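What follows is a single structure, written as structure tokens, with notes after it.
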Amino acid sequence: GGAEGVFRLTVNVGASGFNDEAALGLSLVDTCTGAIRTGINGSVAVQVKLASPTEASLGVSTSQVTGADDPAATVGIQTRVTLSALLKFDDGSTKTMTTDPRTVFNVT
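Here you go:
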């Protein structure tokens with residue numbers, strides 16, 4: 027016999043793979059009783075709608091930078107710069123991408 031009722035299936039954000047319930051963080055919860063079902067087996071059609079990025083912005087901590095051995099460093103010109111990246115999405119949300127492993131800063 028199969029389980030009937032209304033269930034909520036959750037999966038960890040960032041999960042990948044299909045065969046390891048623990049790695050995926052799968053849980054199937056009966057919304058009426060709150061009971062957690064284990065031994066999940068079967069298939070479910072899922073529609074995922076992700077927001078599309080609409081804008082990217084780059085932040086720079088200073089407008090001037092010089093080498094540490096340059097005399098300009100002694101008069102207050104910064105010797106380091108901090109970069110930051112921000113994405114805006116079509117649903118109005120934003121995400122700081124500065125430390126995301128997919129973000130690459132090429133400085134020349």
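When the letters of the sequence shown are read in order and numbered with our numbering, they come out as residues 27 to 134. Glycine included, each C-beta is placed from N, C-alpha and C at the ideal position. None of these values were measured; they are calculated from a predicted model.
Going straight from the alpha carbon of residue i to that of residue j, what length do you get?
i    : j    : result
A77  : G118 : 9 Å
T125 : K75  : 24 Å
R98  : M123 : One point to set straight first is that residue 98 is Ala, not Arg, in the sequence displayed. Those two C-alpha atoms are separated by around 32 Å.
D116 : L84  : 18 Å
G93  : I103 : 9 Å
Reducing DSSP to helix, strand and coil, say where residue i ends up.
i    : result
A181 : Because the chain is modelled from 27 through 134, residue 181 falls outside the range shown and cannot be assessed.
T120 : strand
D126 : coil
V55  : strand
Quick one: residues in its chain with C-beta nearer than 8 Å to the C-beta of residue i, no 5 flanking neighbours on either side, listed in chain order?
i    : result
V107 : V86, S87, T88, V91
E81  : L113, K114
At which residues does the beta strand (DSSP E) containing residue i begin and terminate?
i    : result
F115 : 109-115
P79  : 79-86
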